[in-house]
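Here the structure is laid out as structure tokens; the discussion comes afterwards.
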Amino acid sequence: MAHTAEAGIDLAVVRELMSHFKPQDHQEAQELILSALQEINEHFGYVSLEAAEIVAEHLDTTVNRIYGLLTFYADFRTEPRGRHFMLLCHGMSCYVMGSQQLVQDLKDRYGVGDGDTTPDGELTVQVVNGCLGVCDRAPIVKLDDSFYGDLTPDTLNDVIQRAIAARRATEDTDVNPINDRRSNPA
Amino acid sequence: MSTQSTTAAQTRLSSRAEFEAYRERAEQRWASLWNGNQTVVSVGIGSCSVAKGALDVLAACETALQGQAGIVRQVSCDGACWMEPWIEVKRPDQPPVIYGNLSPDEIPDVLAGRLEERAIGVRAEKPLGAILPLVSHPFFKHQQRIVLANVGVIDPDSIEDAIARGAYSAYLKVLFDLSGEEAIAELTASNLRGRGGAGFPAGIKWESGRKAKARPKFVVCNSHEGEPNVYKDRRIHEGDPHRILEGILIACIACGAERGYNYIGGEYPLAIKRFRRAVQDAERLGLIGKDVLGSGKNVAFRVRTGGGAYICGEGSALMYSIMGVRGQPRTKPPRSVEEGIWKRPTVANNTETLANVPDIILKGGEWYAGIGTEKSKGTKLMTIQGPLKTMGLVEVPMGITLRTLIDEVWGGMRDGHQFKGIQTGGVSAGPLKEEHLDLPVDFDSLTEVGGMLGSGGFAVFDQHVCAVDYARYLTAFNRYESCSKCVPCRLGNPALVEILDRIRLGRGSESDLPLMDRTSKHIVELSLCGLGQVAPAPLLGMMKMYPEEFRAHIVDGVCPSGVCPISSDEVVLAAGD
Numbered sequence: 001m002a003h004t005a006e007a008g009i010d011l012a013v014v015r016e017l018m019s020h021f022k023p024q025d026h027q028e029a030q031e032l033i034l035s036a037l038q039e040i041n042e043h044f045g046y047v048s049l050e051a052a053e054i055v056a057e058h059l060d061t062t063v064n065r066i067y068g069l070l071t072f073y074a075d076f077r078t079e080p081r082g083r084h085f086m087l088l089c090h091g092m093s094c095y096v097m098g099s100q101q102l103v104q105d106l107k108d109r110y111g112v113g114d115g116d117t118t119p120d121g122e123l124t125v126q127v128v129n130g131c132l133g134v135c136d137r138a139p140i141v142k143l144d145d146s147f148y149g150d151l152t153p154d155t156l157n158d159v160i161q162r163a164i165a166a167r168r169a170t171e172d173t174d175v176n177p178i179n180d181r182r183s184n185p186a
Numbered sequence: 001m002s003t004q005s006t007t008a009a010q011t012r013l014s015s016r017a018e019f020e021a022y023r024e025r026a027e028q029r030w031a032s033l034w035n036g037n038q039t040v041v042s043v044g045i046g047s048c049s050v051a052k053g054a055l056d057v058l059a060a061c062e063t064a065l066q067g068q069a070g071i072v073r074q075v076s077c078d079g080a081c082w083m084e085p086w087i088e089v090k091r092p093d094q095p096p097v098i099y100g101n102l103s104p105d106e107i108p109d110v111l112a113g114r115l116e117e118r119a120i121g122v123r124a125e126k127p128l129g130a131i132l133p134l135v136s137h138p139f140f141k142h143q144q145r146i147v148l149a150n151v152g153v154i155d156p157d158s159i160e161d162a163i164a165r166g167a168y169s170a171y172l173k174v175l176f177d178l179s180g181e182e183a184i185a186e187l188t189a190s191n192l193r194g195r196g197g198a199g200f201p202a203g204i205k206w207e208s209g210r211k212a213k214a215r216p217k218f219v220v221c222n223s224h225e226g227e228p229n230v231y232k233d234r235r236i237h238e239g240d241p242h243r244i245l246e247g248i249l250i251a252c253i254a255c256g257a258e259r260g261y262n263y264i265g266g267e268y269p270l271a272i273k274r275f276r277r278a279v280q281d282a283e284r285l286g287l288i289g290k291d292v293l294g295s296g297k298n299v300a301f302r303v304r305t306g307g308g309a310y311i312c313g314e315g316s317a318l319m320y321s322i323m324g325v326r327g328q329p330r331t332k333p334p335r336s337v338e339e340g341i342w343k344r345p346t347v348a349n350n351t352e353t354l355a356n357v358p359d360i361i362l363k364g365g366e367w368y369a370g371i372g373t374e375k376s377k378g379t380k381l382m383t384i385q386g387p388l389k390t391m392g393l394v395e396v397p398m399g400i401t402l403r404t405l406i407d408e409v410w411g412g413m414r415d416g417h418q419f420k421g422i423q424t425g426g427v428s429a430g431p432l433k434e435e436h437l438d439l440p441v442d443f444d445s446l447t448e449v450g451g452m453l454g455s456g457g458f459a460v461f462d463q464h465v466c467a468v469d470y471a472r473y474l475t476a477f478n479r480y481e482s483c484s485k486c487v488p489c490r491l492g493n494p495a496l497v498e499i500l501d502r503i504r505l506g507r508g509s510e511s512d513l514p515l516m517d518r519t520s521k522h523i524v525e526l527s528l529c530g531l532g533q534v535a536p537a538p539l540l541g542m543m544k545m546y547p548e549e550f551r552a553h554i555v556d557g558v559c560p561s562g563v564c565p566i567s568s569d570e571v572v573l574a575a576g577d
């Protein structure tokens, strides 16, 4: 992920993203709210209050309505992601091939459930209730930009540790944890 | 070597003759691609194959062909997940051969013809040496491809490829040769039923849309495939986006709608990207806009994307989502064909339904009605999950048996896995067992025994899966995805999960079984939308098919599959908690 929360959300970038949304009337503006939020969520990994305010202003709506959308649709986050972001597929194929054990193991080993970030800010886990579509290698996860399949709790742990180690190896100094607050999925 | 560059559609076509001239050029280019003195390598790139390294295979193909007379093209995944990453090699004077399960370092050998044992089949009627025809492979043998005809064949980003293979011919027919009534009559004659799960006849829906008086009118394509075991619409978007677009445009013209929408699930970035590209190209060619091809007819188009809420697959919720609010279903009537998006008449169809439309218009409703069973016409896309050997998306005629699908098409169970049951209808129906496998797969037969065709998503499970635990998973999905509008669904599903957890932990009592029945009845009878009304169906199905497993947990205190944390003090919670 190019943008981490150390930098916060660059509101100039949000404004630039918003400038591509040019509704011709109020109806179309409303139709574009979700797309606009998706663009921001995609770019920064979450939608902050400040970013939501810009969207609300640009598309002539209220920040309250936007918060209602952010908390209804599962793809959105209102808190920053950890340095690594993992989608854990919990579709039916992954379930029948054991994804439940992966979910449980993440809880035991890292203390994270759906939507949570580890206390050290390394990893955010999002459990996908739909399907990531790589069913013949189930159970699978998508960690950052790569897919990993045929997982067991131990191989998943290896995958996570290797990703963290690989990133650390490329960093000169260890940065401060980005997010010591646990996001609140309730 | 040259990478095939897609000729962008430059100029707007303003008449039927101009379109036909464009198609002729496209057909010539397509023919010369395959008849030339060069090697043509097509690589299947879809979200599924990218996950398995298909982009590296693509790069390896480009490197290997450098300095040679050859072309590397991108096509999409053709449904055969089990053979990815795959490539198709068309050598001069030979029919194309498909090689599967490749790694990048094998590519030079494959292209040089030194790895012929990796060939899956040849696209020809006769064998090529030891390589058998692809159509004789069990995975392909039973398929009849209408919707998937071009998937894995054309470059999905090339409108020229699509037009060379017949795209927009049916649209032209509807624009110039047929009246709206005549087009809808073909659809009615075909008896095409909605592919999203409910099976409502598409012709009747279009007819109501056409007759609706209020203006403007809309057509919306429901491409929000939120079920945890279905990936058919995503593959059509990735493989042949123009077919979907053409279907929507035909619906717009036939029903007299001003604007078409396609609502795509946000989880499918590649599907969205390719579909948006298709819309841009069609706009540039003048197939969307004002006075399309000089016909005097106008049609506008918008793509909208979802945000990962299963409920948005429900018609009215989807329309609320398009309008930028929470996707929560409303009471009906009025039906959406009377009051839909922005309170205007809206014809809503599933992606697969609309993707069938171009061929029905071109070849006639009679032709389509000749495929399938008495009450379920045509073909159906079906997806499979679970421990099977050759998994993937297939298009088969309605009426094929589950046994043929499982044992032949999908290759049978993997070693070490015994068939225990097959979950049908996504999360909206119950499982079926061995004794039901000879039933024909169509809209009605499975329903009689508690299953459902639904949108065609099946999941086979084996002896390692516990019926109680699986019921808990399916119920927990519905609990998580409940939109929270109605009390029975919002509170009933969590109650069911609690009871199931109690049973899984070995603390269930015999009274829990009737309690679950009663609670389910509340949800079924009192929920507002179709999804709430079927939310307890998987649980009820599991209880009906595997009563002995529920009793084993409650009475004997054991989980026969060894999955449930019986007698553990720890409360185990699953995703979504």
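These protein sequence lines map, in sequence, to chains A and B.
First residue of the first sequence: 1, per the numbering used here; consecutive thereafter.
First residue of the second sequence: 1, per the numbering used here; consecutive thereafter.
Note that CB positions come from ideal geometry on N, CA and C, so glycine has one too.
Computed from a prediction, not measured in an experiment: that's the story for all the values here.
| said: Does the CB of Asp136 of chain A have a neighbour CB from chain B at under 7 Å? | reply: By 1-based counting over the first sequence, the position of residue 136 of chain A is 136. Closer than 7 Å: yes.
| query | Where does Thr351 of chain B sit, in a helix, a strand or coil, going by DSSP? | reply | Translated into the one-based positions of the second sequence, residue 351 of chain B becomes position 351. In this structure, Thr351 of chain B counts as helix in the three-state DSSP scheme.
| task | Report all residues from its chain with a CB closer than 7 Å to the CB of Asp60 of chain A; omit the five preceding and five following residues, and keep chain order. | result | Stepping through the first sequence from its first residue, residue 60 of chain A is reached at position 60. Exclusion of the five residues before and after Asp60 of chain A leaves His26 and Ala29 as the residues of its chain whose Cβ lies within less than 7 Å of its Cβ.
| request: Output the boundary residues of the alpha helix (DSSP H) element that contains Thr155 of chain A. | output: If you number the first sequence from 1, residue 155 of chain A lands on position 155. Unbroken alpha helix (DSSP H) run through Thr155 of chain A: Pro153 to Thr170.
| said: For the segment 70-88 of chain A, list every residue whose C-beta sits within 7 Å of some C-beta in chain B, in sequence order. | reply: The residues in question are Phe72, Tyr73, Ala74, Asp75 and Phe76.
| task | Report yes or no: is there a C-beta of chain B within less than 7 Å of the C-beta of Asn157 of chain A? | result | As a position in the first sequence, residue 157 of chain A is number 157, starting the count at 1. At a cut-off of 7 Å, the C-beta of Asn157 of chain A has no neighbouring C-beta in chain B.
| request: Could you check which residue in B:Leu500, B:Glu27 and B:Leu132 has the C-alpha nearest to that of Ala476 of chain B? | output: Residue numbering aside, residue 476 of chain B sits at position 476 when the second sequence is read from its first letter. Just measuring C-alpha positions, the residue of B:Leu500, B:Glu27 and B:Leu132 sitting nearest Ala476 of chain B is B:Leu500.
| query | If we cut at 7 Å on Cβ distances, does Phe443 of chain B have a partner in chain A? | reply | By one-based count along the second sequence, residue 443 of chain B stands at place 443. Chain A contact via Cβ: absent.
| What residues from chain B crowd round Tyr95 of chain A, counting only those whose CB sits closer than 7 Å? | The sequence position of residue 95 of chain A within the first sequence is 95, counting from 1. By Cβ distance, chain B contributes Tyr473.
| query | If Ser545 of chain B sits next to Lys433 of chain B, beta carbons under 8 Å apart, how far is it from one beta carbon to the other, in whole angstroms? | reply | Counting from one through the second sequence, the residue named residue 545 of chain B turns up at place 545. Counting from one through the second sequence, the residue named residue 433 of chain B turns up at place 433. Before going further, note that residue 545 of chain B is Met rather than Ser in the sequence given. With a Cβ gap of about 6 Å, Met545 of chain B and Lys433 of chain B count as contacting.
| Proximal chain B residues relative to Gly91 of chain A, where beta-carbon distance stays under 8 Å | On the first sequence, residue 91 of chain A is found 91 positions in, with the first residue counted as 1. Think of a sphere of 8 Å around the beta carbon of Gly91 of chain A: the chain B residues whose beta carbon falls inside it are Pro228, Asn229 and Gln385, in chain order.
| Using a Cβ-Cβ distance under 7 Å, would Ser428 of chain B count as near chain A? | By 1-based counting over the second sequence, the position of residue 428 of chain B is 428. At a cut-off of 7 Å between beta-carbon atoms, Ser428 of chain B makes no contact with chain A.
| query | Taking DSSP as the reference, what is the three-state secondary structure of Val303 of chain B? | reply | Taking the second sequence and counting its residues from 1, the one referred to as residue 303 of chain B is at position 303. Note: Val303 of chain B maps to strand in three-state DSSP.
| Closer than 8 Å, Cβ to any Cβ of chain A: which residues of the segment 226-259 of chain B, in chain order? | So the list reads Gly226, Glu227, Pro228, Asn229, Val230, Tyr231 and Arg234, given in the order they occur along the chain.
| task | Starting from Val465 of chain B, find everything on chain A with Cβ-Cβ shorter than 7 Å and list it in chain order. | result | To locate residue 465 of chain B, count along the second sequence from 1; it is residue 465. Think of a sphere of 7 Å around the beta carbon of Val465 of chain B: the chain A residues whose beta carbon falls inside it are Val96, in chain order.
| message | Beta-carbon within less than 7 Å of Met83 of chain B's beta-carbon, same chain only, minus the 5 sequence neighbours each way: which residues are those? | response | Translated into the one-based positions of the second sequence, residue 83 of chain B becomes position 83. Closer than 7 Å at Cβ, skipping near neighbours: Gly100, Asn101 and Ile120.
| Residue-level contact to chain B via CB, Gly111 of chain A, 7 Å cutoff | Your numbering for residue 111 of chain A matches position 111 in the first sequence. Cβ-Cβ to chain B under 7 Å: no for Gly111 of chain A.
| request: With 7 Å as the threshold, decide whether the Cβ of Asn184 of chain A is near any Cβ in chain B. | output: In the first sequence, residue 184 of chain A corresponds to position 184, counting from 1. With a pLDDT of 35 at Asn184 of chain A, under the threshold of 50, the predicted position of this residue should be treated as unreliable, and no value is reported.
| task | May I have the straight-line CA-CA distance separating Ala165 of chain A from Ser47 of chain B, to the nearest angstrom? | result | Taking the first residue of the first sequence as 1, we reach residue 165 of chain A at position 165. Taking the first residue of the second sequence as 1, we reach residue 47 of chain B at position 47. Computed Cα separation, rounded: 27 Å.
| field | Nearest to Thr305 of chain B (by Cα), restricted to the options B:Glu160, B:Asn298 and B:Gly313 | value | The count along the second sequence starts at 1 and reaches residue 305 of chain B at position 305. For the residues B:Glu160, B:Asn298 and B:Gly313, the minimum Cα distance to Thr305 of chain B belongs to B:Gly313.
| Inter-stretch contact (C-beta, 8 Å, three-pair minimum) for the segment 188-198 of chain B and the segment 38-55 of chain B | Pairwise C-beta distances place the segment 188-198 of chain B out of contact with the segment 38-55 of chain B, as fewer than three of them are shorter than 8 Å.
| The beta strand (DSSP E) spanning Ser47 of chain B covers which residue range? | On the second sequence, residue 47 of chain B is found 47 positions in, with the first residue counted as 1. Bounds of any beta strand (DSSP E) do not take in Ser47 of chain B; it lies within the alpha helix (DSSP H) bounded by Ser47 to Val50.
| request: Kindly indicate if chain A contains any beta-carbon less than 7 Å away from that of Arg210 of chain B. | output: Numbered from its first residue, the second sequence carries residue 210 of chain B at position 210. The beta carbon of Arg210 of chain B sits no closer than 7 Å to any beta carbon of chain A.
| message | Across the segment 99-117 of chain A and the segment 49-68 of chain A, are there enough close Cβ pairs to call them in contact, namely three or more that are closer than 8 Å? | response | Cβ pair count under 8 Å is below three, so no.
| query | Applying a beta-carbon distance threshold of less than 8 Å, which residues of chain B neighbour Ile164 of chain A? | reply | Taking the first sequence and counting its residues from 1, one reaches residue 164 of chain A at position 164. Near Ile164 of chain A there are no residues of chain B at all, since even the closest Cβ is about 21 Å away, more than 8 Å.
| Quick one: is the Cβ of Asn35 of chain B within less than 6 Å of any heavy atom of the ligand NAP? | As presented, the structure is devoid of all ligands, the ligand NAP included, so that no description of it is given.
| query | In whole angstroms, what separates the C-alpha of Gln317 of chain B from that of Lys332 of chain B? | reply | Numbered from 1 along the second sequence, position 317 holds the residue referred to as residue 317 of chain B. Numbered from 1 along the second sequence, position 332 holds the residue referred to as residue 332 of chain B. Note that residue 317 of chain B is Ala in the sequence shown, not Gln. If you take the alpha carbons of Ala317 of chain B and Lys332 of chain B, they lie about 12 Å apart.
| message | Quick test of your reading: Ala59 of chain B and Leu111 of chain B, contact by CB under 8 Å. State the CB separation rounded to the nearest angstrom. | response | If you number the second sequence from 1, residue 59 of chain B lands on position 59. If you number the second sequence from 1, residue 111 of chain B lands on position 111. At roughly 13 Å, the Cβ-Cβ gap does not stay under 8 Å, so Ala59 of chain B and Leu111 of chain B are not in contact.
| Quick one: Cα of Pro329 of chain B to Cα of Ser42 of chain B, how far? | Start at 1 with the first residue of the second sequence, and residue 329 of chain B comes out as number 329. Start at 1 with the first residue of the second sequence, and residue 42 of chain B comes out as number 42. Roughly 44 Å between the two C-alpha positions.
| request: Please classify Pro139 of chain A: is it buried, with 16 or more other beta-carbons within 10 angstroms of its beta-carbon, or exposed? | output: Position 139 of the first sequence, counted from the start, is the residue given in the question as residue 139 of chain A. In the assembly as shown, Pro139 of chain A is a buried residue. Its beta-carbon has 16 or more other beta-carbons within 10 Å.
| field | Residue span of the beta strand (DSSP E) that contains Pro397 of chain B, given as start and end | value | For the purposes of this step, residue 397 of chain B is taken as the residue at position 397 of the second sequence. It spans Val394 to Pro397 - the beta strand (DSSP E) in which Pro397 of chain B sits, taken as one unbroken run.
| request: Tell me Thr379 of chain B's beta-bridge partners as DSSP assigns them. | output: The count along the second sequence starts at 1 and reaches residue 379 of chain B at position 379. BP columns for Thr379 of chain B point to B:Pro397.
| field | Proximity of Cys131 of chain A and Pro228 of chain B at Cβ, strictly below 7 Å | value | Taking the first residue of the first sequence as 1, we reach residue 131 of chain A at position 131. Taking the first residue of the second sequence as 1, we reach residue 228 of chain B at position 228. Using a Cβ distance threshold of 7 Å, Cys131 of chain A and Pro228 of chain B count as a contacting pair.
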